[in-house]
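A.B. asks: Each residue of the sequence shown is one higher than the one before, starting from 1 at the first, in the UniProt record's numbering.
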Amino acid sequence: MTILCFLQDIFVVGNQIETDYEDVYGESSEPLSFESVAHDQPSQPVARDLILAHLLRIACASKGPFADALPEITSELLNLGIVSETVRDLAVKPSAVFDKTLNCIFGKHIVSSKISKFWTMASDFGEHSSSIPSSRYLNDFEELQPLGHGGFGHVVLCKNKLDGRQYAVKKIRLKDKSLPVNDRILREVATLSRLQHQHVVRYYQAWFETGIVGSHGDAFWGSKTGLSSSFSYDNTSSSEFGPQNKLDSTYLYIQMEYCPRTLRQMFESYNNLDKELAWHLFRQIVEGLSHIHGQGIIHRDLTPNNIFFGARNDIKIGDFGLAKFLKLEQLDQDVDAGETVGVSVDRTGQVGTYFYTAPEIEQGWPKIDEKADMYSLAVVFFELWHPFDTAMERHVVLSDLKQKGELPANWVAEFPEQASLLRRLMSASPSDRPSATELLQHAFPPRMEYDMLDNILRTIHSSEDTSIYEKLVNAIFDEDMLSSKGIQESVGRPKLVGQDTSSILFTDVCSANRDQVVEVATEVFRKHCAKHLEIIPMRMLDERLQLNRNTVKLLTPGGDMVELCHELRFPFVKWAITNQKSFFKRYEISYVYRRAIGHSPPNRYLQGDFDIIGGAATLTEAEVIKATVDIVTRFFQSESCDIHLNHGDLLEAIWSWTGIKPEHRQKVSDLLSLLGSLRPQSSERKSKWVVIRRQLRQELNLSEATVNRLQTVGLRFCGIADHALPRLRGALPADKSTHKALDELSELLNYLRVWRIDKRLYVDALMPPTESYHRNLYFQIYLRKDNSTVSLMEGTLLAVGGRYDYLVHHMSDSEHKLNPPGAVGTSLALETILMHSSVDIKPHRNDVGINVLVCSRGGGGLLVERMELVAELWEENIKAELVPLCDPSLTEQYEYASEHDIKCLVIVTDTGVTQKGSVKVRHLELKKEKEVERETLVKFLLDAMETQFRNLSIWN
């Protein structure tokens with residue numbers, strides 16, 4: 001039984017009761033206020049409204065099938081014209097108020113009624129509903145009419161009760177109820193809200209609520225929600241709502257600009273071609289699309305149904321991006337395939353309508369760019385220039401265009417320029433399609449205002465007179481203009497009283513957790529005797545080294561361009577070169593910045609860097625991996641972290657062996673990077689290869705043999721390090737660089753084993769470097785989402801690092817050393833660690849300000865013994881290091897101690913290791929030395945450090 005049928009039966013009863021009381025209350029239709037009903041003799045309409053409200057409350061009592069659905073039901077019935085506003089208002093009143101009114105009007109009959117339970121059975125409604133959190137949607141908006149009902153939600157025209165404006169509100173049911181997923185979705189929608197362009201539908205705000213799915217599958221929206229800003233989500237424990245909430249569903253509400261008409265509706269009445277109008281509309285679509293693409297968003301569902309006309313009859317592109325990052329749940333199983341609202345998502349993840357979907361999406365390419373939208377644009381462009389008389393004609397012509405690439409011959413003869421542009425836009429290869437920006441530059445005649453602007457820009461670049469540039473900058477920073485712009489942008493955003501958190505970055509709890517992550521990272525870095533160097537968070541853009549990056553650039557009122565810190569390594573390398581450091585360890589924990597979308601402030605992320613200048617290449621690489629693992633395993637189980645290794649020379653050898661041409665290598669690397677988070681030899685990686693090889697063949701036109709070789713490397717030569725290295729040695733040509741790369745990987749593995757890092761080590765020979773300057777050994781560390789040793793799930797990237805000798809050499813010049821030292825570093829995503837860590841970790845807080853240098857005398861350097869001893873000291877939170885050379889002389893080690901102001905040496909000797917089981921502890925400043933048994937070394941050092949080694953009795 002549907003809800004309306006159920007309620008229809010109730011209304012029959014209500015009308016019968018109304019008839020019974022007609023004689024009592026007369027026929028006056030004079031409306032009375034709710035407050036006066038309890039005191040004045042009620043009219044017949046008031047009695048009827050009160051009875052209908054009572055029946056609705058009975059239907060939605062807590063134990064009924066429609067519990068919690070009363071606000072939604074009354075709103076729907078009001079929209080259908082079945083009940084009045086008075087009934088709706090009466091029905092949702094608190095129980096105490098409603099029951100008092102009911103008793104005042106029907107009290108005499110209630111006392112004498114033979115079915116008194118009828119009059120009291122809804123009294124528990126108020127008690128139950130009091131525990132139901134209020135619905136922001138129902139409180140803030142009044143539904144006017146439905147605008148559409150698609151497979152993934154409803155769009156309703158609403159009036160905001162706060163500002164009186166009309167908006168389109170989209171209601172979408174989400175599959176995933178986890179807080180991190182919903183947080184990500186909300187951030188994405190919030191990002192869309194910051195897009196401000198005259199040809200893009202404006203997104204105002206979004207929020208989550210929890211509705212109840214009844215036994216008939218109907219969704220009700222009175223729900224729990226908590227908001228701290230225009231875009232927020234407060235988690236509410238399911239235990240608060242009891243076991244009956246097993247059918248709870250999470251809904252996303254999106255408040256959007258209301259556009260009364262779609263391009264599809266225009267096409268339906270588009271009988272005669274208007275050339276001027278066609279170019280005008282096409283240009284507006286391209287301008288909107290160019291803005292969307294410029295912010296890094298791919299629409300993926302550009303159809304006439306998602307192109308709207310605003311209040312001023314201008315084009316507005318809407319519904320963009322949602323199909324890409326929302327996990328939507330199908331609401332209706334019988335939705336018409338031609339539905340005009342919502343996106344279409346099938347089991348392969350393809351989105352869009354058939355005629356408009358780019359081939360690469362249909363073929364399941366794993367990496368899609370904005371050129372997919374240009375294909376869809378082509379079909380829209382064709383419909384602008386080719387009106388159809390019937391739906392059948394449209395289907396036949398568009399089918400020929402889609403399947404055969406054929407255009408009507410008479411249309412091509414009449415519009416050759418349009419036909420040529422259409423074929424370029426529908427090219428099978430995405431790289432051959434023009435971008436939206438290119439279309440604006442070449443496909444349309446320039447506008448007069450653009451010509452004027454171009455003249456100003458040419459004057460700025462060519463003239464020595466800076467006055468025009470200064471006037472332009474002053475105009476940009478004009479306070480009145482900026483104030484006016486801010487007011488315009490705030491229109492439509494309701495102010496939440498007492499909930500403005502725009503200036504607060506973190507809550508107390510969040511700040512405490514953040515401090516804890518920073519303290520743990522600092523503690524580990526300092527144990528490795530790294531020095532803290534704090535970099536300047538921005539730099540002027542007049543420096544010699546310019547990087548083509550997605551950096552955050554700012555303009556000062558003086559007209560100078562500055563750049564916020566994009567990464568922490570470049571400033572350090574410049575400092576190290578300038579100060580001619582041959583060996584140095586440093587760490588930095590700071591924020592890095594990335595460009596945000598639209599009018600958003602820059603995104604910032606907490607990052608921790610640890611770098612070593614100089615030393616033996618593989619040994620220092622092992623040390624940065626050791627430091628990284630020590631931090632990561634303080635927050636996660638060691639079994640949950642994978643370490644992926646590769647070498648730049650090894651990757652070059654694979655490019656040559658597989659036959660990948662230099663011009664294709666960057667594109668192939670971009671595709672292979674999609675495999676990085678999947679464990680080598682996992683079934684998920686193997687299945688991913690199916691779609692990757694398809695794109696390699698179709699987009700880059702690589703030969704079957706080339707792709708087969710590449711896949712062989714991916715499936716056979718990548719895996720557990722001890723298994724992968726022998727296979728690579730046997731398959732690849734034994735040239736000098738390849739042999740060296742494999743030897744360095746093998747040596748690195750040996751060093752990591754000394755430090756007990758011997759599990760979950762993988763050689764991923766197709767893993768491209770994260771940074772272009774990683775030309776030698778490099779690594780990535782992933783967090784697996786469960787602790788199973790056979791986990792096939794996609795990992796979360798926690799850290800990247802590697803050698804960057806190339807960067808040091810590149811940034812050095814003739815003023816500095818001709819042979820600059822090598823360098824290695826790691827970058828930890830502390831923001832990601834903070835987000836995924838659920839373990840309460842406290843720093844050891846055993847920091848004594850004395851560094852220990854573990855040295856060797858004789859025995860060929862005793863590298864393994866030195867590594868084991870320094871690791872033992874790190875375990876006890878003693879700051880210790882070793883000279884990162886395989887066989888340093890005693891003189892080199894003393895020079896190292898002097899250069900780095902180290903006073904305490906622990907000397908390992910060949911005799912002490914093999915015969916006595918002891919080491920020597922020497923204090924250079926006090927000129928004291930003592931032979932200590934290896935088993936008691938840690939206790940000796942800790943006791944001595946308490947008195948800064950000044951207690952002479954310890955040396956006896």
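Backbone N, C-alpha and C define an ideal beta-carbon position, used for all residues, glycine too.
For the pair the region 751-767 and the region 644-663, tell me if three or more CB-CB distances fall below 8 Å.
C.D. replies: Touching, yes.
A.B. asks: Is the region 705-723 close to the region 385-405, with three or more CB pairs under 8 Å?
C.D. replies: In short, these stretches do not touch, since the Cβ pair count stays below three.
A.B. asks: Answer yes if the region 887-899 comes into contact with the region 933-941, meaning at least three C-beta pairs across the two stretches below 8 Å, and no otherwise.
C.D. replies: Judged by Cβ distances under 8 Å, the region 933-941 makes no contact with the region 887-899, as fewer than three pairs qualify.
A.B. asks: Determine whether the beta carbon atoms of L862 and D910 lie at a separation below 9 Å.
C.D. replies: Translated into the one-based positions of the sequence shown, residue 862 becomes position 862. Translated into the one-based positions of the sequence shown, residue 910 becomes position 910. Yes; because the gap between Cβ atoms is below 9 Å, this pair is in contact.
A.B. asks: According to DSSP, is M540 helix, strand or coil?
C.D. replies: Residue 540 sits at position 540 when you count from the first residue of the sequence shown. Residue state, collapsed to three classes: strand.
A.B. asks: Work out the CA separation of K371 and P359 for me, nearest whole Å.
C.D. replies: By 1-based counting over the sequence shown, the position of residue 359 is 359. By 1-based counting over the sequence shown, the position of residue 371 is 371. If I take the Cα positions, the gap works out to 11 Å.
A.B. asks: Considering just the uninterrupted stretch of the beta strand (DSSP E) at H528, what are its terminal residues?
C.D. replies: Stepping through the sequence shown from its first residue, residue 528 is reached at position 528. That residue, H528, is in no beta strand (DSSP E); it is neither H nor E in DSSP.
A.B. asks: If we call anything under 9 Å between Cβ atoms a contact, is V552 one with Y587?
C.D. replies: Taking the sequence shown and counting its residues from 1, the one referred to as residue 552 is at position 552. Taking the sequence shown and counting its residues from 1, the one referred to as residue 587 is at position 587. No, these two residues do not count as a Cβ contact at 9 Å.
A.B. asks: Excluding the 5 residues flanking A871 on each side, which residues of the same chain have their C-beta closer than 6 Å to its C-beta?
C.D. replies: Start at 1 with the first residue of the sequence shown, and residue 871 comes out as number 871. Taken in chain order, the residues that qualify are W755.
A.B. asks: Is V908 near V854, with beta carbons less than 9 Å apart?
C.D. replies: Stepping through the sequence shown from its first residue, residue 908 is reached at position 908. Stepping through the sequence shown from its first residue, residue 854 is reached at position 854. Yes, these two residues count as a Cβ contact at 9 Å.
A.B. asks: For L252, which beta-bridge partners are listed by DSSP?
C.D. replies: The residue you call residue 252 lines up with position 252 of the sequence shown. The partner list for L252 (beta bridge, DSSP) reads I172 and F208.
A.B. asks: Given a cut-off of 9 Å on the beta-carbon distance, is the pair P302 and L377 in contact?
C.D. replies: Working through the sequence shown from its first residue, we reach residue 302 at position 302. Working through the sequence shown from its first residue, we reach residue 377 at position 377. The amino acid occupying residue 302 in the given sequence is Leu; Pro does not appear at that position. Yes, these two residues count as a Cβ contact at 9 Å.
A.B. asks: Among Y773, L650, S703 and R665, which one has its Cα closest to the Cα of K740?
C.D. replies: Stepping through the sequence shown from its first residue, residue 740 is reached at position 740. For the residues Y773, L650, S703 and R665, the minimum Cα distance to K740 belongs to L650.
A.B. asks: With 16 other CB atoms within 10 Å as the buried threshold, where does L453 fall?
C.D. replies: Here the question's residue 453 lines up with position 453 in the sequence shown. Flag for L453 reads exposed.
A.B. asks: Just to confirm, are L742 and I643 a CB contact at a threshold of 9 Å?
C.D. replies: Translated into positions along the sequence shown, residue 742 becomes position 742. Translated into positions along the sequence shown, residue 643 becomes position 643. No; because the gap between Cβ atoms is not below 9 Å, this pair is not in contact.
A.B. asks: What ranges does the alpha helix (DSSP H) occupy inside the region 409-459, keeping only unbroken runs of at least 4 residues that lie completely in it?
C.D. replies: Counting only runs of 4 or more, we get 409-414, 416-425 and 436-442.
A.B. asks: Across which residues does DSSP place K159 in a beta bridge pair?
C.D. replies: Start at 1 with the first residue of the sequence shown, and residue 159 comes out as number 159. Paired residue(s): E142 and Q166.
A.B. asks: Measuring CB to CB, does K161 end up less than 9 Å from D140?
C.D. replies: On the sequence shown, residue 161 is found 161 positions in, with the first residue counted as 1. On the sequence shown, residue 140 is found 140 positions in, with the first residue counted as 1. Their beta carbons are under 9 Å apart, which means K161 touches D140 by this criterion.
A.B. asks: Starting from the Cα of Y167, find the closest Cα among F308, V189, E143 and A190 and give me that residue.
C.D. replies: On the sequence shown, position 167 is the one that residue 167 refers to. It is E143 whose Cα lies nearest to the Cα of Y167.
A.B. asks: Which two residues bound the contiguous beta strand (DSSP E) that contains Q915?
C.D. replies: The residue labelled residue 915 in the question sits at position 915 within the sequence shown. Here Q915 belongs to no beta strand (DSSP E), and DSSP marks it neither H nor E.
A.B. asks: Jot down the residue ranges of each uninterrupted alpha helix (DSSP H) in the region 359-418, minimum 4 residues, whole runs only, in chain order.
C.D. replies: The region 359-418 contains these whole alpha helix (DSSP H) runs: 359-362, 371-385, 391-404 and 409-414.
A.B. asks: Could you tell me the distance, in whole angstroms, from the CA atom of T353 to the CA atom of Y804?
C.D. replies: Sequence index remark: in the sequence shown, residue 353 carries index 353 (1-based). Sequence index remark: in the sequence shown, residue 804 carries index 804 (1-based). About 47 Å.
A.B. asks: What alpha helix (DSSP H) runs, 4 residues minimum, are completely inside the region 625-691?
C.D. replies: Here the runs fully enclosed are 648-658 and 662-672.
A.B. asks: Measure from the alpha carbon of V800 to the alpha carbon of each residue in E72, Q607 and Q516, then state which is nearest.
C.D. replies: As a first step, residue 800 must be located in the sequence shown, where it is residue number 800. For the residues E72, Q607 and Q516, the minimum Cα distance to V800 belongs to Q607.
A.B. asks: Counting Cβ pairs, one atom from each stretch, are 3 or more of them under 8 Å apart for the region 617-627 and the region 657-667?
C.D. replies: No, the region 617-627 is not in contact with the region 657-667.
A.B. asks: Please list the terminal residues of the continuous beta strand (DSSP E) segment that includes D609.
C.D. replies: For this step, residue 609 is matched to residue 609 along the sequence shown. It spans N603 to I613 - the beta strand (DSSP E) in which D609 sits, taken as one unbroken run.
A.B. asks: Pick from I172, L192 and L281: whose alpha carbon is nearest that of Y251?
C.D. replies: For this step, residue 251 is matched to residue 251 along the sequence shown. The candidate whose alpha carbon is nearest that of Y251 is I172.
A.B. asks: One question on the structure: do K920 and L905 come within less than 9 Å of each other, judged by their Cβ atoms?
C.D. replies: Counting from 1 along the sequence shown, the entry for residue 920 is found at position 920. Counting from 1 along the sequence shown, the entry for residue 905 is found at position 905. Contact: yes.
A.B. asks: If you check the beta carbons only, do S856 and E865 fall under 9 Å apart?
C.D. replies: By one-based count along the sequence shown, residue 856 stands at place 856. By one-based count along the sequence shown, residue 865 stands at place 865. Cβ distance < 9 Å, so S856 and E865 count as in contact.
A.B. asks: Skipping 5 residues on each side, what residues in its chain have a beta carbon closer than 6 Å to that of G242?
C.D. replies: Position 242 of the sequence shown, counting from 1, holds the residue named residue 242. At G242 the pLDDT is 38, less than 50, meaning the model places this residue with poor confidence; the figure from the coordinates comes in the next sentence. Here the set comprises nothing.
A.B. asks: Below 8 Å on the Cβ atoms is my contact criterion, and I expect Y258 with L157 to pass it. Report the Cβ-Cβ distance as a whole number of Å.
C.D. replies: Numbered from its first residue, the sequence shown carries residue 258 at position 258. Numbered from its first residue, the sequence shown carries residue 157 at position 157. Yes, they are in contact, since the Cβ atoms of Y258 and L157 sit about 6 Å apart, within 8 Å.
A.B. asks: Taking 8 Å as the limit between beta carbons, can you name the residues of its chain near N951, skipping five residues before and five after?
C.D. replies: The count along the sequence shown starts at 1 and reaches residue 951 at position 951. Counting only Cβ-Cβ distances below 8 Å, and skipping sequence neighbours, we find A944.
A.B. asks: Near V473, which residues of its chain fall below 8 Å by C-beta distance, leaving aside the five closest residues on each side in sequence?
C.D. replies: Within the sequence shown, numbered from 1, the residue matching residue 473 stands at position 473. For V473, where only same-chain residues beyond five positions count, the Cβ hits under 8 Å are L555, P557, G558 and G559.
A.B. asks: How big is the Cα-Cα spacing for A91 and A61?
C.D. replies: What you label residue 91 is simply residue 91 of the sequence shown in a count that begins at 1. What you label residue 61 is simply residue 61 of the sequence shown in a count that begins at 1. Computed Cα separation, rounded: 11 Å.
A.B. asks: If distances are taken between C-alpha atoms only, which option among Y356, P571, Y773 and R202 comes closest to K402?
C.D. replies: Here residue 402 refers to the residue found at position 402 of the sequence shown. Measuring from the Cα of K402, the nearest candidate turns out to be Y356.
A.B. asks: Take T348 and list the residues in its own chain whose beta-carbon comes closer than 8 Å to its own, dropping the five residues that flank it on each side.
C.D. replies: Position 348 of the sequence shown, counted from the start, is the residue given in the question as residue 348. Residue confidence for T348 is low, a pLDDT of 32 falling below 50, so the modelled location carries little weight; the figure read from the coordinates is stated next. Excluding sequence neighbours, T348 sits near G364.
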